[in-house]
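Asker: I have a structure I would like to understand better, so I am pasting it below and will then ask my questions one at a time.
4 protein chains.
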Amino acid sequence: MARPAHATLNPRKQPRQARSQATVEVIVEACIQVLLQEGANRLTTTRVAERAGVSVGSLYQYYPNKQALLYAVLAQHLNKVGDAVEVAAQSASGRSLPDMVVAVVDAFVGAKLAHVDESRALYGVASDLEAADIVNAIGARCCKAVAAMLSTAPRVRFVDARLSAYIWFTAMVGSTRAMLEGGAPPKMLKALRDQLVTLGLSYLQSEAISTRQKRTAST
Amino acid sequence: MARPAHATLNPRKQPRQARSQATVEVIVEACIQVLLQEGANRLTTTRVAERAGVSVGSLYQYYPNKQALLYAVLAQHLNKVGDAVEVAAQSASGRSLPDMVVAVVDAFVGAKLAHVDESRALYGVASDLEAADIVNAIGARCCKAVAAMLSTAPRVRFVDARLSAYIWFTAMVGSTRAMLEGGAPPKMLKALRDQLVTLGLSYLQSEAISTRQKRTAST
Amino acid sequence: MARPAHATLNPRKQPRQARSQATVEVIVEACIQVLLQEGANRLTTTRVAERAGVSVGSLYQYYPNKQALLYAVLAQHLNKVGDAVEVAAQSASGRSLPDMVVAVVDAFVGAKLAHVDESRALYGVASDLEAADIVNAIGARCCKAVAAMLSTAPRVRFVDARLSAYIWFTAMVGSTRAMLEGGAPPKMLKALRDQLVTLGLSYLQSEAISTRQKRTAST
Amino acid sequence: MARPAHATLNPRKQPRQARSQATVEVIVEACIQVLLQEGANRLTTTRVAERAGVSVGSLYQYYPNKQALLYAVLAQHLNKVGDAVEVAAQSASGRSLPDMVVAVVDAFVGAKLAHVDESRALYGVASDLEAADIVNAIGARCCKAVAAMLSTAPRVRFVDARLSAYIWFTAMVGSTRAMLEGGAPPKMLKALRDQLVTLGLSYLQSEAISTRQKRTAST
DNA sequence: CATGAATGAGGTTTCATTCAT
DNA sequence: TATGAATGAAACCTCATTCAT
């Protein structure tokens, strides 16, 4: 799922031996470090290898080129976030709208904050390459899961659950990104969560059409 | 306002003569074209100069280095958006909350859509350089203007107008960005505007505290 | 004529200024020098540039890649030889078979010996790249010219002039190559010319069918 | 016979065991395959090992370095050809000139065509390395054998049998090479043999001086 | 003996920038 | 002032070779 469109972005080989596994991990980690400390412009394969304490050659044994490395790191991060959102959306299916919103916001913000460094480091990468592909793919995956969840909300119906999910999700992404890129302090990040709940809940309630029978009112 | 932090990013000279002015414009335009058609990775000063129909030497007469060029292009674009939002916010001061929301959304979406190419092209650039600076600066400018506007809303009060403005604005930016980067079709872009109104209005109404005298209640 | 099949092998730009022209020449010369003194394996663009006294960058302004450089050098050499053979073949048209043979052998051997260094240096290059293309193209050009010439020989007719031309020409190439690659001394190279005349003449006379009326026999 | 000039080119060990023998053969075969399918430029020890189904390490157990491998493959091929020619030349000693020519041509062309792939693949290799050494060595061996054969021709004498042998042999090599490198179709390759007989015979008859007593003429 | 992960020197190529014309 | 040839640091990537397992 969410496999690179271009063959050349595929990892070169699956590490079999334990040694290899370690090498790959150390490379990915180094990549994030370099991204964070030096910026995307100064991210060179040599520098990543150096930071990782391996030779360039080793790096190229696992990634056919620089883009593939970045792609892999980005995909790994996005998948973590995507998985979190997907799981949350599934778990919250059938619950009340407020519960849904809280679940998804917590999952999303939680995943992002659990890997703040990764998040911050990768914003700059996403635009470069064909990365747009995965970004969109993961985005679509999340929206789909959220839309599905929304469709199970009790007593309400969405005219266009997919669109509502899209707007909500991308809005959430936008605010979070702004905070992380802006170097917001932890205090703000806490507030973010509450605001995103309000943002999501109020928006979705506006979009929702009540399907409840208003018997009491008529009586 | 929104002055470059780094001295080296300043344009080399202020074009006074008409010819110079034209050259600068043609270069900026070429830069956007290249960005759009070749991507940030393949954006080279030589290519920009070629596309602009001038020599590299000429390009370097107006911009001390590549970053300065990108910085200028980005700043120009962001300022257009920032100005539009600022003007809208000022104009809508004192009007009703729905009016405010409509005004700001229209200004923002309008400015973005009026320069879709620029927008799309520049998302990739923003992360690279010290561009974060302007992005944040313009963001702050917009939020400030919006917060000021919100404070003039009749019959309501915001506990933290600045925060509300921030969340709303960044959410709006997020959804718009997602659509533009995702290559959404014009139809979707139309729908975007309405959704952003709903999103903004419902959120702000949730955040607003009514200051209206509730006579009936006290009685 | 004999243009590179692959776009990437085309020279990058035609030198306009006098300075450029000089640079290109010096690069080509250096390429041959390096080939000769270091061998094809140690031919690197850096080394060629160094030897030429220019920067690598300059080299790449005129040749998009290493192959294109080699291709150009090879093509230039082969064209010299091809032209010589073609001219000789045309000039000798209608003359007697022995005259034809002498003309072509002299042209070929002459062209090769006039650029012994080039010849020696380039044998190693030809096999590498798509160079096979030009080698074959020039070979075909020569054979065509020779075949045309043979068809004009008085009093004889060739069953398959094209084939005879091919065998003769390639045989000539073979012996010459062997001598040059074997590092034969000048004395031998002199003898080569005479032997090639004998080789060509005897072969072609064997292949030729007399068309002369044998009156005495019929009487 | 035809021992490598450079110590480092010697195969690392003489494979005694059957398994080793098999490994060596599979490597040599793989080398030719790679050469043929990927070209000399893309011939890497790793690729050869892969194709051979062994590890690089194993390859290096039998060949101290890449050149040694290529050298061995080339030497093996050339020796096959050289042996064939040598045997033919010895067998044809004392026979008539036409018989000699037919014998040698058949041996040479036969040997080449029996291993067309090898032949084609190795042309590109020969120029690279110190391979010139073996190429020349085998060439000399063939010429020596042919010259010796020529000296036994009945009723004729060669002023310079060595030179005649050289010219003839190299011419034969040249035409054959041209055909193989040019990718000539099988049909042409058939014709080649006949042409080479004509070429050789006519040339050698031109070079030969008759030593027969012309009694009938005096009578 | 075999394996294949690791190495890193060295090759190719790009591109921001300068400066003679 | 405008030009574009020249520069060369630095990036990407390969591959012959070694050596721990």
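Protein chains in written order, with my numbering: chain A, -17 to 201; chain B, -17 to 201; chain C, -17 to 201; chain D, -17 to 201.
Glycine included, C-beta positions come from ideal geometry on N, C-alpha and C.
(1) At a Cβ threshold of 8 Å, is Y185/B touching chain A?
(2) Return yes when the Cβ of S40/D is within less than 8 Å of the Cβ of A31/D, no when it is not.
(3) Apart from the five residues just before and just after A70/A, which ones in its own chain have a Cβ nearer than 6 Å to its Cβ?
(4) Can you tell me whether I191/C is buried or exposed? The criterion is at least 16 other CB atoms within 10 Å of its CB, across all chains shown.
(5) Roughly how many angstroms separate the alpha carbons of L174/D and Q72/D, rounded to a whole number?
(6) Just to confirm before moving on: does the CB-CB distance between N23/D and D115/C stay below 8 Å?
(7) For my contact list, L56/C and A108/C are in at a C-beta cut-off of 8 Å; report their separation, rounded to the angstrom.
(8) Buried or exposed: A199/A, going by 16 or more other Cβ atoms within 10 Å of its Cβ?
(9) Excluding five sequence neighbours on each side, which residues of the same chain lie with their C-beta closer than 7 Å to the C-beta of L178/B?
(10) Between T134/B, L60/B and L186/B, which has its C-alpha nearest L95/B's C-alpha?
(11) Please compile the residues from chain B whose C-beta is within a distance smaller than 9 Å of the C-beta of L132/A.
(12) In chain D, what lies closer than 8 Å to V63/C by C-beta?
(13) Can you name, in chain order, every residue of its own chain whose Cβ lies under 6 Å from the Cβ of S101/B, other than the five neighbours on each side?
(14) A129/B and A143/B - do their beta-carbons sit closer together than 8 Å?
(15) I'd like the list of long-range same chain contacts for M(-17)/A, defined as Cβ closer than 7 Å, with 5 residues on each side in sequence excluded.
(16) So, does the CB of N208/B fall closer than 8 Å to a CB anywhere in chain A?
(17) Say whether chain C places a C-beta atom closer than 8 Å to the C-beta of P(-14)/D.
(18) Give me the residue from Q58/D, M170/D and S133/D with the minimum Cα distance to I120/D.
(19) Would you mind giving the Cβ-Cβ distance between T28/B and V16/B, rounded to the nearest angstrom? I have them listed as a contact below 8 Å.
(20) With DSSP as the reference, label S200/B as helix, strand or coil.
(21) R159/B: buried (16+ other C-beta within 10 angstroms of its C-beta) or exposed?
(22) What number of angstroms, rounded off, separates the C-alpha of Y53/A from the C-alpha of T(-10)/C?
(23) Helix or strand or just coil, what does DSSP make of R139/B?
(24) Nearest chain D C-beta to A129/C closer than 8 Å, yes or no?
(25) Candidates E11/D, K48/D, L25/D and E20/D: which alpha carbon is nearest A34/D's?
(26) Between V16/D and chain C, is the shortest Cβ-Cβ distance under 8 Å, so that the two count as touching?
(27) Using beta-carbon positions only, say whether Y148/D and Y185/C come within less than 8 Å of one another.
(28) Cα-Cα, which of E20/A, S2/A, Q43/A and Y42/A is closest to Q112/B?
(29) Per DSSP, A237/C is paired with what?
(30) Do P136/A and S78/A count as a contact pair if the criterion is CB distance below 8 Å?
(31) Would you check if the distance between the CB atom of V83/C and the CB atom of C124/C is smaller than 8 Å?
(32) For the alpha helix (DSSP H) that contains S73/C, what are its first and last residues?
(33) Using CA atoms only, rank isn't needed, just tell me which of N118/D, V8/D, L18/D and P167/D is closest to G106/D.
(34) Residues in its own chain within less than 7 Å of R(-2)/B by CB, not counting five upstream and five downstream?
(35) Using a Cβ-Cβ cut-off of less than 7 Å, give me the residues of the region 85 to 106 of chain A that come near chain B, in sequence order.
(36) Please identify, using Cβ separations under 9 Å, the residues of the region 141 to 160 of chain D that lie next to chain C, in order along the chain.
Answerer: In terms of the structure at hand:
(1) yes
(2) yes
(3) A85, V86 and A89
(4) exposed
(5) 23 Å
(6) no
(7) 6 Å
(8) Note that A199/A has pLDDT 46, beneath the 50 cutoff, so the model's placement of it is unreliable and the number below is only indicative. Exposed, because fewer than 16 other Cβ atoms sit within 10 Å of the Cβ of A199/A.
(9) Only V87, V91, M154 and S157 meet the Cβ criterion.
(10) L60/B
(11) The contacting residues do not exist; L132/A stays about 14 Å from chain B at best.
(12) Chain D residues near V63/C: none, gap ~14 Å exceeds 8 Å.
(13) K94 and L162
(14) Their beta carbons are under 8 Å apart, which means A143/B touches A129/B by this criterion.
(15) Only weak support is given to the placement of M(-17)/A: the predicted model assigns it a pLDDT of 47, under 50, and the value that follows is read from those uncertain coordinates. Nothing listed; no residue qualifies.
(16) Any property of residue 208/B remains undetermined from this structure, which presents chain B solely from -17 to 201.
(17) Reliability fails at P(-14)/D, whose pLDDT of 46 lies under 50, so the model's placement of it is uncertain and the value that follows must be treated cautiously. For P(-14)/D, the answer is no, since every Cβ of chain C falls outside 8 Å of its Cβ.
(18) The shortest Cα separation from I120/D among Q58/D, M170/D and S133/D belongs to Q58/D.
(19) That belief does not hold up - the Cβ atoms of T28/B and V16/B are roughly 10 Å apart, past 8 Å.
(20) Residue placement at S200/B is poorly supported in this model, since its pLDDT is 44, which falls under 50; the coordinates still yield a value, given next. Three-state DSSP puts S200/B in a helix.
(21) R159/B is buried by the Cβ-count criterion.
(22) Going by C-alpha positions, Y53/A is about 29 Å away from T(-10)/C.
(23) Look at R139/B here: in three-state DSSP terms it is strand.
(24) no
(25) E11/D
(26) No, V16/D does not count as interfacial toward chain C.
(27) Result no, Cβ atoms of Y148/D and Y185/C do not sit closer than 8 Å.
(28) The sequence shown places Glu at residue 112/B, not Gln. Of the candidates E20/A, S2/A, Q43/A and Y42/A, the one whose C-alpha sits nearest the C-alpha of E112/B is E20/A.
(29) Residue 237/C lies beyond the stretch modelled for chain C, which goes from -17 to 201, so this question has no answer here.
(30) Yes; because the gap between Cβ atoms is below 8 Å, this pair is in contact.
(31) No, the pair does not count as a contact, with Cβ atoms beyond the cut-off.
(32) K48 to S73
(33) L18/D
(34) Since pLDDT at R(-2)/B reaches only 49, below the 50 mark, its modelled position is unreliable, and the value read off the structure follows with that caveat. Cβ neighbours of R(-2)/B beyond the five flanking positions: none.
(35) Y105 and G106
(36) D142, L145, S146, Y148, I149, W150, F151, T152, A153, M154, V155, G156, S157, T158, R159 and A160
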